[in-house]
Amino acid sequence: MENFSNKTIIDEEIIIESNSCIFLGPNLKLVDCVVINKQTARGIQFLDAEMVGGVFQTKKKLTNWQEHSVTFDSVTFKGNFLGCDLGGRPDEESSNHYGLVKDCDFSQANMHLCRLFNADIESIKFGRWPYFTIINLEAAAIQIQKLNVPNELIISLDISDEPEGTSAVLFNAELIAKKEGIDIEVIKELVSQIDSVII
86 MENFSNKTII DEEIIIESNS CIFLGPNLKL VDCVVINKQT ARGIQFLDAE
136 MVGGVFQTKK KLTNWQEHSV TFDSVTFKGN FLGCDLGGRP DEESSNHYGL
186 VKDCDFSQAN MHLCRLFNAD IESIKFGRWP YFTIINLEAA AIQIQKLNVP
236 NELIISLDIS DEPEGTSAVL FNAELIAKKE GIDIEVIKEL VSQIDSVII
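According to this note's numbering, numbering within the sequence shown proceeds without interruption in unit steps and concludes at 284.
Here's what the structure looks like:
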């Protein structure tokens with residue numbers, strides 16, 4: 086198995102097969118690489134690593150994938166992500182590398198209930214409707230409480246208990262509409278009234 090620690094890899098394609106568990110790191114720097122993942126969230130783990138430029142594409146949906154010790158800088162994400170965390174969390178155990186997300190492109194990824202920590206929001210390209218992203222969570226939570234939110238949506242849009250340091254929460258309105266049995270246009274009308282929403 087190839088060693089993915091204590092080195093810099095430039096302009097290569099890395100394929101993570103479904104039958105292999107991979108640790109990317111520690112002390113790994115990927116520059117302008119294409120990472121193609123065919124594993125579940127348990128089978129791929131960055132550890133004190135950097136990915137600068139390039140593409141991270143997952144062929145298998147990543148669910149609850151937690152990556153707090155990796156820097157993603159100018160990376161394009163593709164594939165399905167559900168309940169995933171990217172970027173360094175203040176309340177997580179410290180490691181040699183505190184994660185960062187900046188200049189990344191999420192517009193080609195299906196991201197739902199995903200959170201970014203320690204993220205440079207203004208530099209990031211987010212997906213557009215039916216995807217939407219809530220930033221400035223504290224202000225948004227107060228505003229949501231003042232809106233006439235249908236009961237079915239209250240839990241789906243509850244961001245009041247997100248961890249300290251959450252920079253953004255990403256949603257897929259189509260999945261919310263399907264789960265709650267609500268017309269997607271109702272969701273759009275509602276979230277459009279929230280100041281700190283990217284839609």
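No residue lacks a Cβ here, since even glycine has one placed at the ideal position from N, Cα and C.
So who's on the other strand from residue i, going by DSSP bridges?
i      : result
Leu300 : For the chain, the structure presents residues 86 to 284; residue 300 sits outside this window and is missing.
Asn88  : Asn88 pairs with nothing; no bridge assigned.
Ile129 : Ile107
Ile94  : Leu115
Ile284 : Ile284 is not bridged to any residue.
If the criterion is Cβ atoms closer than 8 angstroms, does the pair residue i and residue j meet it?
i      : j      : result
Leu132 : Gly168 : no
Phe202 : Thr251 : yes
Ala225 : Ile244 : yes
Gly138 : Val155 : no
Glu247 : Asp176 : no
Asn165 : Asn122 : no
Gln193 : Leu232 : no
Asp301 : Glu135 : Outside the shown range of the chain (86 to 284) lies residue 301, about which nothing can therefore be said.
Ala258 : Trp214 : yes
Phe217 : Phe191 : no
Val276 : Ile284 : yes
Val234 : Ile209 : no
Val254 : Arg200 : yes
Leu260 : His182 : no
Asp280 : Gln230 : no
The beta strand (DSSP E) spanning residue i covers which residue range?
i      : result
Val276 : No beta strand (DSSP E) holds Val276; the alpha helix (DSSP H) holding it covers 269-276.
Ala134 : 134-137
Ile100 : 98-101
Lys114 : 113-116
Val160 : Where Val160 is concerned, there is no enclosing beta strand (DSSP E), given that its DSSP letter is neither H nor E.
Ile121 : 119-122
Kindly say whether residue i, judged by its beta-carbon, lies nearer than 8 angstroms to any beta-carbon of chain B.
i      : result
Ile220 : Chain labels in this structure do not include chain B; a single protein chain is all it has.
- Which ranges does the alpha helix (DSSP H) cover as unbroken runs of at least 4 residues, wholly within the stretch 189-265, from first to last along the chain? 222-231, 236-239, 258-265
- Item | Segment contact, 8 angstroms Cβ cut-off, at least three pairs: the stretch 145-164 with the stretch 120-131 | Counting Cβ pairs under 8 angstroms, three or more are found: they touch.
- Item | Stretch-stretch touch, CB-based, cutoff 8 angstroms, three pairs: the stretch 230-240 with the stretch 207-222 | no
- Kindly confirm or deny that the stretch 112-124 and the stretch 89-101 touch, where touching means at least three C-beta pairs closer than 8 angstroms. yes
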